[in-house]
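Enquirer: Let me begin by handing over the structure; questions about it come next.
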Amino acid sequence: MYPWLSGQQQQLTALIRQQHLGHALLLKGVEGVGKRELAQALAHALLCQHTNDGHHTSGEQGVPCGHCHSCQLMAAGNHSDLHVISGSARSIGVDAIRQLTQVLNESARLSHGKVAVIEQAEKMTEAAANALLKTLEEPAGEATLLLTSSHPERLLPTIRSRCQQWLLPVPESDVVLRWLTGQGLDPSLAALNVNQGSPLNTRDYLIAGTDRRRRELLQQFVELAKQPRTLTSVQSGLLEQPVHLLWLQMLLQDALQLALGLSPAGLRLADSEPLCRTLSQHGPERLTQALNSLLQLRQTLQPGTGRPVNTGLQLGQWLNDWLINTR
Ligand SMILES: [Zn+2]
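Below you can see the structure in the form of structure tokens.
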């Protein structure tokens, strides 16, 4: 288990051991904190034939034995009493939930209860959510439902209230940095910050080489005043991914902090401090102005804000304004 989740895992398996885990658990936490892995581990502990019986004395309590028939099936990835709805689909439809309910209502093959996992439960359609609600109202036998969600606020309140809710907090940065280093990566606090502290997202970001891309792009932006001919390439770079505009925002925020004479200790993009220093020369007023219009621009890009916007055009205007006003 990931180091930042082992405490949570121990607490939850203690609840399983004492049979205090409700029939439905909702694991909440930011994207990439490890909800799926924890749900898998809990499902494993729930299904192991020796987790709860008190006879298993070797090793940690509440941890699956690894030897029983159930554990062997788990290891082989085909346990008939475990039903997983993966979060990889775009949405979770009513048929998937009906099928799950049916499976839960059949008696367990290994007579040790059944477990269903619904990953990214917020992807359930309204019909699916209503179907699940029925199951939550009349829990089937010894079935346990494990839901995970990065956006629990999008779930029906009635679903949330029928689950035991468990929040996985964003882990301490030093724990994550140490773990990333142990994975053979070269992490920085800035990399973690642009990923909102999410360990697995930061890992994927580093593996993909996106951290280098961030530093390059922000450098190009800062040098734009000297090389206005690169405007088109900066513009298309910033448009590649919505998060690229967040990078720019964080850079400007850091620059503003320096322009206001505040300590560089709190910079979120500490590895771009020289760039922030250059930008800070434009003064707090200009930076605040640029930041405000950038925030507005990012807001119009949020899904569900109504009419479609021509992002390229808007960003082009923003960059032109920036060039004119910082000359
Ligand atoms: Zn076992």
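The numbers in the UniProt record's numbering rise by one with no breaks, and the one at position 40 of the sequence shown is 40.
Using N, Cα and C, we set each Cβ at its ideal position, and we do this for glycine too.
Predicted model only: the values in this text are computed from it and were never measured.
1) Out of Leu-133, Thr-202, Gly-261, Leu-5, point me to the one whose CA is closest to Glu-243's CA.
2) Please give me, in chain order, every unbroken run of the beta strand (DSSP E) with length at least 3 that falls completely inside the stretch 102 to 167.
3) Check for me: the beta strand (DSSP E) holding His-84 runs from which residue to which?
4) Going by DSSP in three states, Lys-226 sits in which element: helix, strand or coil?
5) Run through DSSP, which three-state label would Asn-52 get?
6) On the premise that Leu-217 lies in contact with Leu-252, defined as a C-beta separation below 8 angstroms, what is that separation, rounded to the nearest angstrom?
7) Which whole-angstrom value describes the C-beta separation of Leu-295 and Gln-249, a residue pair presumed to lie in contact below a C-beta threshold of 8 angstroms?
8) Give me, in chain order, the residues of the same chain whose beta-carbon lies closer than 7 angstroms to that of Cys-68; leave out the 5 immediate sequence neighbours on both sides.
9) Near Val-103, what residues of its chain come up, given a Cβ to Cβ distance below 6 angstroms and the 5 sequence neighbours on each side ignored?
10) Taking 7 angstroms as the cut-off, is the CB of Cys-71 close to at least one heavy atom of ligand 1?
11) Going by Cα to Cα distance, which pick from Glu-106, Ser-86, Ala-129 is closest to Glu-119?
12) Give me the Cα-Cα distance between Gly-59 and Gly-312, rounded to the nearest whole angstrom.
13) Do His-112 and Asp-81 have their C-beta atoms within less than 8 angstroms of each other?
14) Would the beta-carbon of Gly-7 be found less than 7 angstroms away from any heavy atom of ligand 1?
15) Here's a check: name, in chain order, each residue in its chain whose Cβ is nearer than 8 angstroms to the Cβ of Gln-235, leaving out the five neighbours to either side.
16) Let me check one thing: in DSSP terms, what residues is Ile-92 bridge-paired to?
17) Would DSSP call Ala-190 helix, strand or coil?
18) Pull up the distance between the alpha-carbon of Gly-29 and that of Glu-172, whole angstroms please.
19) Taking the alpha-carbon positions, what's the Asp-321 to Leu-100 distance?
Expert: A quick look at the data gives this:
1) First, the residue type needs correcting, since residue 243 is Val and not Glu in the sequence shown. It is Thr-202.
2) 114 to 118, 143 to 149, 164 to 167
3) The displayed chain sequence assigns Val, not His, to residue 84. Note, Val-84: beta strand (DSSP E), 82 to 85.
4) coil
5) Its pLDDT being 49, under 50, Asn-52 is placed unreliably in this model, and the coordinates cannot settle the point.
6) No, Leu-252 and Leu-217 are not in contact; Cβ-Cβ is about 13 angstroms, not under 8 angstroms.
7) 7 angstroms
8) Cys-48, Gln-49, His-50
9) His-83
10) Yes, since a heavy atom of ligand 1 falls inside the 7 angstroms radius drawn around the Cβ of Cys-71.
11) Ser-86
12) Bear in mind that a pLDDT of 49 at Gly-59, under 50, signals an unreliable position, so the number given afterwards is only what the model happens to contain. Going by the C-alpha atoms only, they are around 58 angstroms apart.
13) yes
14) no
15) Gly-312, Leu-315, Gly-316, Leu-319
16) Beta-bridge pairing links Ile-92 to Met-124.
17) Note: Ala-190 maps to helix in three-state DSSP.
18) 14 angstroms
19) 55 angstroms
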